[in-house]
Amino acid sequence: MERLRTAFNTICIGGAAIVWLFISALIAFPFLWLKSKNRDRAVRKFVYVQSCGIVFFMRLASKAFRVEKAERPQGSCVVVANHASALDLYTISAFRFNNVVYITKGWVFKLPFFRYVMKGAGYVDAETTSPTEMLGICKQAVQKGCDIVLFPQGTRKDPRARFKSGAFYLAEQLNLPVVPIAIVGTHKMLSVGSFWIKPAKIVLKAFPAKYPSDYPGELGHLHMAQDVKKQVMDFVDKEEFA
Amino acid sequence: MITREEIIKRTNDALKKEFEFTDAQLTPTAQLRDDLCLDSLDAVDMVVVLEQQFGVTLRQGYDLRTIVTLNDLYDFIEKLARTHNK
């Protein structure tokens, strides 16, 4: 039964998701592009629309799907989440973050089609951008009302990898709250290196914001990273073994 | 005078606590950047962690870019400890 569902998910839902990506690119993108005076904002909105569609297909492909929201802080924030699947990127839209700048690894900027979206939306390549440059870009993005999204583990290969402190340093420097998000089950639905979409229980949870002022000292960002990782991974463990 | 064994133990304990390394990862030949995946911000954090651990200032007057492996780091701290004791 599980195999049959996986085949259905991959062929029918996966196929529909790909069709959605193309159709939304043909319809939504030109519409948003023409409607918006701010071109990079239009691309970010387009990514949000596409992501909402993918989350809908994830819901169809899942065994169970739950989103637990938390109160959003006023103004911009830094969103951090654990990362174990390519689907994680889309799940952020489930929390209605619709104007975000992703800071990602360089290889995404080399993918055909995606690279134009990445550049057009003003996303940041973490590997080729210096920390000072990144700080400047994020400052400008925040002035435009964007939220910054990072996956501080920096890899999908080790779901328990350390949360690197860069995201938290950024929050500290820009004096922005950090919204931790726990993503459960996406690596079971679409694991690294696989194209089979397996039925899995998906839980997405946003925690109340954490503030850099609560982590004083030179190593405040490092301690914030450790604290957020513990909170996120404790929730992931609890849900995975439930 | 602090011994090399003590330097290694205190350095490794600090790195395990703050950067979640395991004993298996912390071999003397491990490269900070390539094997331990420490980025530039991690390197700055590591310096602060070691300053707090050994009660010395590492940020001024030293070229820390020459430290590539953990062994280089132990050597550097040992040299610094000797200089402080003179």
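Chains as they are written, first to last, in the working numbering: chain A, 1 to 242; chain B, 1 to 86. Backbone N, C-alpha and C define an ideal beta-carbon position, used for all residues, glycine too.
- Message: Using a Cβ-Cβ distance cut-off of 8 Å, determine whether B/E5 contacts chain A.
- Response: Counting from 1 along the second sequence, the entry for residue 5 of chain B is found at position 5. No, because no Cβ of chain A sits closer than 8 Å to the Cβ of B/E5.
- Task: Give the interface partners of B/E18 over in chain A, defined as CB-CB distance under 7 Å, in chain order.
- Result: Along the second sequence, read from residue 1 onward, the residue named residue 18 of chain B stands at position 18. L222, listed in chain order.
- Minimum C-alpha distance to A/T155 - residue among A/F163, A/I148 and A/Q74: Here residue 155 of chain A refers to the residue found at position 155 when the first sequence is read from its first residue. A/T155 has its Cα closest to that of A/F163, out of A/F163, A/I148 and A/Q74.
- By Cβ distance below 8 Å, which residues in the same chain neighbour A/Y211 in space, the five residues on each side in sequence not counted? In the first sequence, the residue the question calls residue 211 of chain A occupies position 211. Answer for A/Y211: P177 and V178, listed in chain order.
- Query: Which of helix, strand or coil does DSSP assign to A/E133?
  - Reply: Here residue 133 of chain A refers to the residue found at position 133 when the first sequence is read from its first residue. Note: A/E133 maps to helix in three-state DSSP.
- Task: Answer yes if the stretch 59-79 of chain B comes into contact with the stretch 1-13 of chain B, meaning at least three C-beta pairs across the two stretches below 8 Å, and no otherwise.
- Result: The stretch 1-13 of chain B is in contact with the stretch 59-79 of chain B.
- Task: Starting from B/R33, trace the alpha helix (DSSP H) both ways and give me its first and last residue.
- Result: Locating residue 33 of chain B in the second sequence gives position 33, counting from the first residue. B/R33: not part of any alpha helix (DSSP H); DSSP gives it neither H nor E.
- Task: Work out the CA separation of A/N9 and A/M1 for me, nearest whole Å.
- Result: Counting from 1 along the first sequence, the entry for residue 1 of chain A is found at position 1. Counting from 1 along the first sequence, the entry for residue 9 of chain A is found at position 9. Each residue's alpha carbon lies about 12 Å from the other.
- What number of angstroms, rounded off, separates the C-alpha of A/K188 from the C-alpha of A/F46? On the first sequence, position 188 is the one that residue 188 of chain A refers to. On the first sequence, position 46 is the one that residue 46 of chain A refers to. C-alpha separation (whole angstroms): 27 Å.
- Considering only the beta carbon of each residue, do A/Y92 and A/V149 sit closer than 8 Å? Working through the first sequence from its first residue, we reach residue 92 of chain A at position 92. Working through the first sequence from its first residue, we reach residue 149 of chain A at position 149. Correcting the residue identity first, residue 92 of chain A is Ile in this sequence and not Tyr. Contact flag set, yes.
- Message: Would A/I181 and A/V19 qualify as a contact pair, given that the criterion is a beta-carbon distance under 8 Å?
- Response: Translated into positions along the first sequence, residue 181 of chain A becomes position 181. Translated into positions along the first sequence, residue 19 of chain A becomes position 19. In this structure, A/V19 does not lie closer than 8 Å to A/I181 by Cβ.
- Short Cβ contact (8 Å threshold) for A/S76 with A/D147: Your numbering for residue 76 of chain A matches position 76 in the first sequence. Your numbering for residue 147 of chain A matches position 147 in the first sequence. With respect to A/D147, A/S76 sits close: the two C-beta atoms are nearer than 8 Å.
- Query: In whole angstroms, what is the alpha-carbon distance linking A/M58 and A/L170?
  - Reply: As a position in the first sequence, residue 58 of chain A is number 58, starting the count at 1. As a position in the first sequence, residue 170 of chain A is number 170, starting the count at 1. Answer to the nearest angstrom: the Cα atoms are 31 Å apart.
- What residue range is occupied by the uninterrupted alpha helix (DSSP H) comprising A/K205? Looking up residue 205 of chain A in the first sequence gives position 205. That residue, A/K205, is in no alpha helix (DSSP H); its beta strand (DSSP E) goes K201 to A206.
- Task: Please name the residue in A/I197, A/Q153 and A/A167 whose C-alpha comes closest to that of B/C37.
- Result: Position 37 of the second sequence holds residue 37 of chain B. Closest by alpha carbon: A/Q153.
- Message: Which complete alpha helix (DSSP H) runs does the stretch 101-170 of chain A hold, if anything under 4 residues is left out?
- Response: 114-121 and 131-143
- Message: Do A/A141 and A/G122 count as a contact pair if the criterion is CB distance below 8 Å?
- Response: Taking the first residue of the first sequence as 1, we reach residue 122 of chain A at position 122. Taking the first residue of the first sequence as 1, we reach residue 141 of chain A at position 141. Contact: yes.
- Hey, could you find the ends of the beta strand (DSSP E) A/P180 is sitting in? Residue mapping note: residue 180 of chain A aligns to position 180 of the first sequence, counting from 1. Its beta strand (DSSP E) spans residues V178 to V184.
- Message: Could you check whether the Cβ of A/E71 sits closer than 8 Å to any Cβ belonging to chain B?
- Response: Here residue 71 of chain A refers to the residue found at position 71 when the first sequence is read from its first residue. Answer no: the Cβ-Cβ gap between A/E71 and chain B never drops below 8 Å.
- For the candidate residues A/D237, A/P131 and A/A64, whose alpha-carbon lies nearest to that of B/L41? For the purposes of this step, residue 41 of chain B is taken as the residue at position 41 of the second sequence. With distances taken between Cα atoms, B/L41 lies closest to A/P131.
- Task: State yes or no: is the C-beta of A/M134 nearer than 7 Å to some heavy atom of the ligand PLP?
- Result: The ligand PLP is not part of this structure, which contains no ligands at all.
- Query: Where do the ends of the beta strand (DSSP E) carrying A/A64 lie?
  - Reply: Translated into the one-based positions of the first sequence, residue 64 of chain A becomes position 64. That run of the beta strand (DSSP E) goes A64 to E68.
- So, is A/D88 buried or exposed, given that buried needs 16 or more other C-beta atoms within 10 angstroms? As a first step, residue 88 of chain A is located in the first sequence; it is residue number 88 there, counting from the start. Burial call: buried.
- Task: Step through the CB atoms of chain A and report whether any lies within less than 8 Å of the CB of B/L73.
- Result: The residue labelled residue 73 of chain B in the question sits at position 73 within the second sequence. Chain A, which has no Cβ nearer than 8 Å to the Cβ of B/L73, makes this no.
- Any C-beta of chain A under 8 Å from that of B/T48: Translated into the one-based positions of the second sequence, residue 48 of chain B becomes position 48. Just to set this straight, residue 48 of chain B is Val in the shown sequence, not Thr. Yes, because at least one Cβ of chain A sits closer than 8 Å to the Cβ of B/V48.
- Starting from A/A25, trace the alpha helix (DSSP H) both ways and give me its first and last residue. For the purposes of this step, residue 25 of chain A is taken as residue 25 along the first sequence, with counting starting at 1. For A/A25, the enclosing alpha helix (DSSP H) begins and ends at G14 to K35.
- Query: Are the C-beta of B/D13 and some C-beta of chain A separated by less than 8 Å?
  - Reply: As a working mapping, residue 13 of chain B is identified with position 13 in the second sequence. Output row for B/D13: interface = no.
- Under a CB-based cut-off of 8 Å, is B/L80 close to chain A? As a working note, residue 80 of chain B is residue 80 in the second sequence. For B/L80, the answer is no, since every Cβ of chain A falls outside 8 Å of its Cβ.
- Which value, in whole angstroms, describes the spacing of the CA atoms of A/Y116 and B/F54? Position 116 of the first sequence, counted from the start, is the residue given in the question as residue 116 of chain A. Position 54 of the second sequence, counted from the start, is the residue given in the question as residue 54 of chain B. Cα to Cα, the separation comes out at about 49 Å.
- Task: Quick one: list the residues of chain B neighbouring A/K164, beta-carbon separation under 8 Å, in chain order.
- Result: Position 164 of the first sequence, counted from the first residue, corresponds to residue 164 of chain A. Going along chain B in sequence order, the residues near A/K164 (Cβ under 8 Å) are D39, L41 and D42.
- Would you say A/Y123 faces chain B, with C-beta separation under 8 Å as the test? As a working mapping, residue 123 of chain A is identified with position 123 in the first sequence. No, A/Y123 does not count as interfacial toward chain B.
- Query: Taking the continuous alpha helix (DSSP H) assigned at A/A81, which residues delimit it?
  - Reply: Taking the first residue of the first sequence as position 1, residue 81 of chain A is located at position 81. Element bounds for A/A81: not the alpha helix (DSSP H) but the beta strand (DSSP E), V78 to A81.
- Name, in chain order, the residues that DSSP records as bridge partners for A/K45. As a first step, residue 45 of chain A is located in the first sequence; it is residue number 45 there, counting from the start. In DSSP, A/K45 forms no bridge with anything.
- In three-state DSSP terms, what is B/T69? Within the second sequence, the letter at position 69 stands for residue 69 of chain B. Here B/T69 sits in strand by DSSP.
- Message: Once the 5 residues before and after A/V236 are set aside, which same chain residues still bring their CB inside 7 Å of it?
- Response: Locating residue 236 of chain A in the first sequence gives position 236, counting from the first residue. These residues qualify, in order along the chain: N82, A182 and V184.
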